[in-house]
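Novice:
Number of protein chains: 4
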Amino acid sequence: MNGKKLHCGIIGAGRIGRVHAETLAFRMPESQLVAIADPNCEAARAVAARCNIPKVAASPSEIIADPEIDAVLICSPTGTHADLIVQAARAGKHIFCEKPISFSLAAIDAALAAVKEAGVLLQIGFNRRFDANFMRVRHAIASGEIGTPNLLHIISRDPAPPPLSYIRASGGIFLDMTIHDFDMVRFLVGDEVEEIYTAGGVMVDPAIGEAGDLDTALILLRFRNGVIGTIDNSRKAVYGYDQRVEVFGSKGKIATENIYPNRAVVSTGQAIYTDLPLNFFMERYTESFVLELQSFIQAVIDQRPAPVSGIDGRIPVAMALAARKSYDEHRPVLLEEISGEKSLTDHS
Amino acid sequence: MNGKKLHCGIIGAGRIGRVHAETLAFRMPESQLVAIADPNCEAARAVAARCNIPKVAASPSEIIADPEIDAVLICSPTGTHADLIVQAARAGKHIFCEKPISFSLAAIDAALAAVKEAGVLLQIGFNRRFDANFMRVRHAIASGEIGTPNLLHIISRDPAPPPLSYIRASGGIFLDMTIHDFDMVRFLVGDEVEEIYTAGGVMVDPAIGEAGDLDTALILLRFRNGVIGTIDNSRKAVYGYDQRVEVFGSKGKIATENIYPNRAVVSTGQAIYTDLPLNFFMERYTESFVLELQSFIQAVIDQRPAPVSGIDGRIPVAMALAARKSYDEHRPVLLEEISGEKSLTDHS
Amino acid sequence: MNGKKLHCGIIGAGRIGRVHAETLAFRMPESQLVAIADPNCEAARAVAARCNIPKVAASPSEIIADPEIDAVLICSPTGTHADLIVQAARAGKHIFCEKPISFSLAAIDAALAAVKEAGVLLQIGFNRRFDANFMRVRHAIASGEIGTPNLLHIISRDPAPPPLSYIRASGGIFLDMTIHDFDMVRFLVGDEVEEIYTAGGVMVDPAIGEAGDLDTALILLRFRNGVIGTIDNSRKAVYGYDQRVEVFGSKGKIATENIYPNRAVVSTGQAIYTDLPLNFFMERYTESFVLELQSFIQAVIDQRPAPVSGIDGRIPVAMALAARKSYDEHRPVLLEEISGEKSLTDHS
Amino acid sequence: MNGKKLHCGIIGAGRIGRVHAETLAFRMPESQLVAIADPNCEAARAVAARCNIPKVAASPSEIIADPEIDAVLICSPTGTHADLIVQAARAGKHIFCEKPISFSLAAIDAALAAVKEAGVLLQIGFNRRFDANFMRVRHAIASGEIGTPNLLHIISRDPAPPPLSYIRASGGIFLDMTIHDFDMVRFLVGDEVEEIYTAGGVMVDPAIGEAGDLDTALILLRFRNGVIGTIDNSRKAVYGYDQRVEVFGSKGKIATENIYPNRAVVSTGQAIYTDLPLNFFMERYTESFVLELQSFIQAVIDQRPAPVSGIDGRIPVAMALAARKSYDEHRPVLLEEISGEKSLTDHS
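Chains as they are written, first to last, in my numbering: chain B, 12 to 359; chain Y, 12 to 359; chain D, 12 to 359; chain V, 12 to 359.
1. Note the first and the last residue of the continuous alpha helix (DSSP H) segment covering Asn144 of chain Y.
2. Using a Cβ-Cβ distance under 7 angstroms, would Ala122 of chain B count as near chain V?
3. Would you check if the segment 298-315 of chain D and the segment 169-179 of chain D touch, i.e. whether three or more CB-CB distances between them fall below 8 angstroms?
4. Going residue by residue through the segment 164-205 of chain V, where are the continuous alpha helix (DSSP H) segments of at least 4 residues, counting only ones entirely within it?
5. Going by DSSP, what residue range makes up the beta strand (DSSP E) through Val247 of chain B?
6. Output, in chain order, the set of chain V residues within a Cβ distance shorter than 8 angstroms of Ile265 of chain B.
7. Output the boundary residues of the beta strand (DSSP E) element that contains Tyr284 of chain B.
8. Can you list the residues of chain D that Val311 of chain Y reaches, using a CB-CB cut of under 7 angstroms?
9. Apart from the five residues just before and just after Glu203 of chain V, which ones in its own chain have a Cβ nearer than 6 angstroms to its Cβ?
10. Listing by chain order, which chain B residues have their CB less than 8 angstroms from the CB of Thr285 of chain D?
11. Please list, in chain order, all residues of the same chain as Tyr250 of chain B whose beta carbon is under 7 angstroms from its beta carbon, the five residues on each side excluded.
12. Identify, in the order they occur along the chain, each residue of the same chain with its Cβ nearer than 6 angstroms to the Cβ of Asp192 of chain B, setting aside the five sequence neighbours on each side.
13. Are the C-beta atoms of Ala59 of chain V and some chain B residue less than 7 angstroms apart?
14. What separation, rounded to the nearest whole angstrom, lies between the Cα atoms of Gln134 of chain D and Phe107 of chain D?
15. Can you tell me which of the three DSSP states Glu360 of chain D falls into?
16. Helix, strand or coil for Ile64 of chain B, going by three-state DSSP, please let me know.
17. Closer than 8 angstroms by C-beta to Val215 of chain V: which residues in its own chain qualify, once you throw out the five before and the five after it? Chain order, please.
18. Please report how far the alpha carbon of Val256 of chain B lies from the alpha carbon of Leu163 of chain B, in whole angstroms.
19. Using a Cβ-Cβ cut-off of less than 7 angstroms, give me the residues of the segment 16-45 of chain Y that come near chain D, in sequence order.
20. If we ignore side chains and look at the alpha-carbon of each, how far apart do Glu41 of chain D and Ala32 of chain Y end up?
21. In the DSSP assignment, what residue or residues form a beta bridge with Tyr208 of chain B?
22. Mind checking whether Ala275 of chain B and Thr267 of chain V have CB atoms under 7 angstroms apart?
23. Please report how far the alpha carbon of Ile152 of chain Y lies from the alpha carbon of Asp323 of chain Y, in whole angstroms.
24. Between the beta-carbon of Gly263 of chain D and the beta-carbon of Ser278 of chain Y, is there less than 7 angstroms?
25. With burial defined as no fewer than 16 other Cβ atoms inside 10 Å of the residue's Cβ, what is the status of Asn63 of chain V: buried or exposed?
26. Quick one: using the 10 Å Cβ neighbour count with 16 as the cut-off for buried, is Asn138 of chain Y buried or exposed?
27. Just to confirm, are Ala129 of chain D and Ala100 of chain D a CB contact at a threshold of 7 angstroms?
28. First and last residue of the alpha helix (DSSP H) that includes Phe107 of chain Y?
29. Can Pro65 of chain D and Ala48 of chain D be called in contact, C-beta distance under 7 angstroms?
30. Is it buried or exposed for Asp81 of chain D, if we count other Cβ within 10 angstroms and need 16 for buried?
31. Under 8 angstroms between beta-carbons, which chain B residues line up against Lys262 of chain V? List them in chain order, please.
32. How far does the alpha helix (DSSP H) with Ser306 of chain Y in it reach, from first residue to last?
33. Straight-line CA distance for Ala210 of chain B to Leu332 of chain Y?
34. Which word fits Glu109 of chain B, buried or exposed, when buried means at least 16 other C-beta atoms lie within 10 angstroms of its C-beta?
35. May I ask you to list the residues that DSSP assigns as paired with Thr267 of chain Y?
36. Does DSSP put Pro88 of chain D in a helix, a strand or coil?
In structure tokens, the structure reads:
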């Protein structure tokens, strides 16, 4: 490490890059932002100005080659993740990479192999693991508070679909949206999914269907330890971002509510009502973005394993591929059809 | 009808027979209880004494043959329902029959044919349709309050499994317990299920598995109109009777909470807590039992169709058979594999 | 008692008389309704027909003189209560009397003296003591669940003011409406109020003020045991009947919510909302009316003291007079200014 | 102003000084921290190191005299506030001062006169005005969402009493704790209190009584516009920090709930429960501390009036004195007995 503080470079000055830059700049005294790169120079310069980043790099390679930099945050488009991981690993940088690593399991495997060989730390940006609601649920399961888990439900609905251009490049609902839920079920249950069955449809916007994607899905999951559960996804919940979990076990259940901008309840002659929930992930998961970076920085400093590993980045991609296969073939699909037990164990 | 009041006879003096007797005796001035029959004479006599029923009949046939009686309530064991319906229909009695009509679709078809031929009214005891929570959900869907429904979830968990002897005779979890939820999804969505996929297991008590049944199930449903949904069943929720519904549509969602004995919230140094929900169906659905009988009596008096028809009694049985078949064969099962479109239409 | 069942007569066929008649007729096998009287013969006859009451008496005296009758329910206007209690007591009848006994403490004292002399049982109709919410709060206090009580709040708001004619005859907001809350604080705390301070005003309808009454009040209470608390009254809550309690103690607090017709929550693009609470006391307190009569009937049968005694009828009237005096004189008023300790003890 | 950024100095490196320093350093790019002073040099140095403050001043005077500094934040003990305001105003600094300004109205008046003469901006640290819950309530009132306000309740209970040494120096519960609630009622109602009546006692710890203070209080308020309301204070709520408001108006009511660390609900065989609320003001009001400073900085930059003025700092002190007088003299006390209408108007 360079001196007392962990020196970081950011690749990508889009929405999530900006969020991470602000977190590192203003809320994490243990780190120091050294450089940022983005093909959109203006965006990079704006973030640099706001966050006191001394250098706007011409390219990701410049950041990766910078000997002053201890760790890189990969916040560029998905298509570039795997290659950048390989490069950064070879340059001996610790890596924080946004999800998903890649749509291709082979590309992921190559990236993970490079990380392993270099002995660097890789953390994947599944920020929801750091959300207070979901940490509380995980605690209830891990501590035995609700006994042996039997049934699980995730509701995960976006307030509005992204632009069609985004949907076309996103890899589809399972790789773009459900992937967070696939990570969440593994995190909560603490075991792997064995089989997936998907029902779904185009209920929000026919154009999404024409783009080859679904906008609404119910996914039934069976875990190796016997737990069964569902994930409920919609691209459009008119009342706002709907993010809930319920786990039922032998000694009880735990269920979470959405997060609201305030806890005021109004009663009038028409109804008893509250405002709508926090509308989207930037507001809803604000604190989790901070916590995940703190965990990354601290893991690097303490030379401990990352709390969300490379294999944690690989498996949800396999699950997404299985979910799509199940939908296409209209049958339950074993995860090992996609990504055998053996390869899973290789990386863990 | 005999005079101003509808004269009723009850077949079966068990738990549900007693409930209906009390409702008719004390809360429904439009009806008059004339006779009750039960192989257990003591039980019949006790109910008769409590509810001022003048006559304890020696057998169901005596009730069915009684010219003073306008309507019979069939509250005897499931195995007897279909035959009693046939007998009562032939005797020109209006019929209220507890669910399920039979485990056999052929027997159900015979019963419904007899009813049709006799031109009597038949209502099936799916009381939950008369529950304030579920009526409110149905209203939200029917009125367009939440737009076009897309996704649906039912949570339906019992506080504790019934005795094994009951489970062995019950026809299994799908015919005994889920059957209420199968009726509920049809009632709420207002359309028919096309396909069912079942995951499940024995998570509560191995003895239930040894008896050939499941005690935990997740059922994924696809409706003809495109709605997809799940039913979540467990034989044992340690915190009590868990009966909730959530429906998500293009203009919003509606979700129900459990019903509690009081609305007090206690805050101590350990937690913020409430008492457990109303523990089982007799407490939770008290009012719905009254309302369903009022609807039956009123339908007979007004010569209107029953709010829960014979075909409403048939289809959930077909769904239960499909759910079991899906579980056994580990694949999605079309409802028409069990009970073709044609026969459904025949009866409606 | 006359035979196995307690024979009852009802004086008054208005709203509350009808409710009690239905309860006795349809939900209480231990009692039998023998006669009803009301100056409005038609009303009396209608109730008699609905509830199978064999006799419509010409006057209250006829009921009180009827040797067949064990107990009378006094549901006539307040002005008649005290006299009817005296007459009924002298005739050896047990008495259930609606609140308030009288607006005059002297008249109440005379009535209670007659009851004492006759050795009959007198129960006052403070039905809210039998409500599940408030019983739960009382239990929390009595059992020590929230430790020593320190602070207490009652919110008690009606959905709409009664007609002005009613207000003019009602004795005013404190004797008509707050009297229930005065009873409730004594019931919950289990001790007596020492001092009352009242703030209030005319905020709902100027005509109420012109009739000499208030329509909005905040009453600050100090108990002998040190507890301090408030009662919040309004004649008009546009969102419906608002009936809540909060008690704060050394080990925690307990607070109750309103009761709703269903537990459905709707989420739309505008708000998250529920239906309004049960609108008025007939719906909100339905079960408490049944329970209070059951308690009365059972107390008579078991020869146990009434759960709400004559002195429980007297003290809230004294509190109402003190509340008004405090408002008029704009200062804290000791209860003993109205109704000295001595007279309280005389009756208890 | 010195350049683009507002240069700030902080007087006081205790708990609240540290909070404001972190806010200015990490979350407010529009300001720059130049110096900090505290008699406890070590504390000042620690904050300076953490927040990149270049200078640790030897005394408040050094900060006030520093020509580089545009604004001072007075976070020192209450006894020093008024004098420091006078000094800072004379030096032409804008001033953010923690509440209360002083226990003496004369001292406050002198401070406000100095501010007026100097033409600087003074903002008082009533941070709760910037809390999302209370802003929502204010919005409901100001926008007419609940009509004309009639009744108001504040519940404001601390999780545990401060040390006795603090209580002795704090000016008592009304000046130390209720003062926030006195500010809140003015903010919410948008009008002034006319009369105060206080009931209270020592229910938490006799030592607090021996120190001449109360630990539990109910305060009844009457506003000039007719609104009546209560404030409920306790020094010890075992379940944690209890901060709620309810306002009832002609068109509805609005009520707020506490804020919890998560929105998970656990159901077990014993109870349905949640974790305790956020425990104290640093967690509960985190965001409001940021928002109030942003408002201060922005008001200075935009040369707009402070959102919480000097007179907003004066009146709650007068209310606290009135509350104590009412308690001591056991009678309603007019605010003008303490602080006449005239002097109020003088400053506004």
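Ideal Cβ positions, reconstructed from N, Cα and C, are used throughout, including at glycine.
From a predicted model like this one, the values you see are computed outputs, not experimental measurements.
Specialist: Checking against the coordinates, here is how it stands:
1. One-based indexing of the second sequence puts residue 144 of chain Y at position 133. Element bounds for Asn144 of chain Y: Ala143 to Ala153.
2. For the purposes of this step, residue 122 of chain B is identified with residue 111 of the first sequence, where counting begins at 1. False, the Cβ-Cβ gap to chain V never drops below 7 angstroms.
3. no
4. 175-180 and 190-200
5. The residue labelled residue 247 of chain B in the question sits at position 236 within the first sequence. Residue identity differs from the one stated: residue 247 of chain B is Lys in this sequence, not Val. Unbroken run through Lys247 of chain B: none, as it is neither H nor E.
6. Here residue 265 of chain B refers to the residue found at position 254 of the first sequence. Per Cβ cutoff of 8 angstroms: Ala275, Val276, Val277 and Ser278.
7. Against the first sequence, residue 284 of chain B aligns to sequence position 273. It spans Ile283 to Thr285 - the beta strand (DSSP E) in which Tyr284 of chain B sits, taken as one unbroken run.
8. For the purposes of this step, residue 311 of chain Y is taken as the residue at position 300 of the second sequence. Chain D residues near Val311 of chain Y: none, gap ~21 angstroms exceeds 7 angstroms.
9. Here residue 203 of chain V refers to the residue found at position 192 of the fourth sequence. Hits under 6 angstroms: Arg235.
10. Counting from 1 along the third sequence, the entry for residue 285 of chain D is found at position 274. Those within 8 angstroms of Thr285 of chain D in chain B are Ala282, Ile283 and Tyr284.
11. The count along the first sequence starts at 1 and reaches residue 250 of chain B at position 239. Answer for Tyr250 of chain B: Leu287, listed in chain order.
12. To locate residue 192 of chain B, count along the first sequence from 1; it is residue 181. Hits under 6 angstroms: Ile165, Ser167 and Ile242.
13. On the fourth sequence, residue 59 of chain V is found 48 positions in, with the first residue counted as 1. Judged by the 7 angstroms Cβ criterion, Ala59 of chain V is not in contact with chain B.
14. For the purposes of this step, residue 134 of chain D is identified with residue 123 of the third sequence, where counting begins at 1. For the purposes of this step, residue 107 of chain D is identified with residue 96 of the third sequence, where counting begins at 1. Between Gln134 of chain D and Phe107 of chain D, the C-alpha separation is close to 5 angstroms.
15. Past the boundaries of the shown model lies residue 360 of chain D; chain D is included only from 12 to 359, so the question cannot be answered.
16. Reading the first sequence from its first residue, position 53 is the one you call residue 64 of chain B. Ile64 of chain B: coil per DSSP, three-state reduction.
17. Looking up residue 215 of chain V in the fourth sequence gives position 204. So the list reads Pro172, Asp226, Thr227, Ser245, Arg246 and Lys247, once near-sequence residues are dropped.
18. One-based indexing of the first sequence puts residue 256 of chain B at position 245. One-based indexing of the first sequence puts residue 163 of chain B at position 152. Taking the straight line from one Cα to the other gives about 7 angstroms.
19. Phe37, Arg38 and Pro40
20. As a working mapping, residue 41 of chain D is identified with position 30 in the third sequence. As a working mapping, residue 32 of chain Y is identified with position 21 in the second sequence. Those two C-alpha atoms are separated by around 17 angstroms.
21. What you label residue 208 of chain B is simply residue 197 of the first sequence in a count that begins at 1. DSSP lists B:Leu231 as partners of Tyr208 of chain B.
22. Start at 1 with the first residue of the first sequence, and residue 275 of chain B comes out as number 264. Start at 1 with the first residue of the fourth sequence, and residue 267 of chain V comes out as number 256. Taking 7 angstroms as the Cβ cut-off, Ala275 of chain B and Thr267 of chain V qualify as a contacting pair.
23. Translated into positions along the second sequence, residue 152 of chain Y becomes position 141. Translated into positions along the second sequence, residue 323 of chain Y becomes position 312. Distance between the alpha carbons of Ile152 of chain Y and Asp323 of chain Y is about 19 angstroms.
24. Taking the third sequence and counting its residues from 1, one reaches residue 263 of chain D at position 252. Taking the second sequence and counting its residues from 1, one reaches residue 278 of chain Y at position 267. Contact: yes.
25. As a first step, residue 63 of chain V must be located in the fourth sequence, where it is residue number 52. Counting Cβ neighbours within 10 Å, Asn63 of chain V comes out exposed, since fewer than 16 surround it.
26. Numbered from 1 along the second sequence, position 127 holds the residue referred to as residue 138 of chain Y. So Asn138 of chain Y counts as buried.
27. Residue numbering aside, residue 129 of chain D sits at position 118 when the third sequence is read from its first letter. Residue numbering aside, residue 100 of chain D sits at position 89 when the third sequence is read from its first letter. Yes, they are a contact pair.
28. Stepping through the second sequence from its first residue, residue 107 of chain Y is reached at position 96. Here Phe107 of chain Y belongs to no alpha helix (DSSP H); instead the beta strand (DSSP E) covers His105 to Cys108.
29. Here residue 65 of chain D refers to the residue found at position 54 when the third sequence is read from its first residue. Here residue 48 of chain D refers to the residue found at position 37 when the third sequence is read from its first residue. It is not a contact, given that the beta carbons lie outside the stated cut-off.
30. As a first step, residue 81 of chain D is located in the third sequence; it is residue number 70 there, counting from the start. Per the 10 Å Cβ criterion, buried.
31. Within the fourth sequence, residue 262 of chain V is the residue found at index 251, counting from 1. Neighbours of Lys262 of chain V on chain B, chain order: Thr279 and Gly280.
32. Counting from one through the second sequence, the residue named residue 306 of chain Y turns up at place 295. Note, Ser306 of chain Y: alpha helix (DSSP H), Thr297 to Asp313.
33. Taking the first sequence and counting its residues from 1, one reaches residue 210 of chain B at position 199. Taking the second sequence and counting its residues from 1, one reaches residue 332 of chain Y at position 321. The straight-line gap from Cα to Cα measures roughly 21 angstroms.
34. Along the first sequence, one-based indexing puts residue 109 of chain B at 98. The residue in question, Glu109 of chain B, is buried, as its Cβ has 16 or more Cβ neighbours within 10 Å.
35. To locate residue 267 of chain Y, count along the second sequence from 1; it is residue 256. Thr267 of chain Y is bridged to D:Ala275.
36. Residue mapping note: residue 88 of chain D aligns to position 77 of the third sequence, counting from 1. In this structure, Pro88 of chain D counts as coil in the three-state DSSP scheme.
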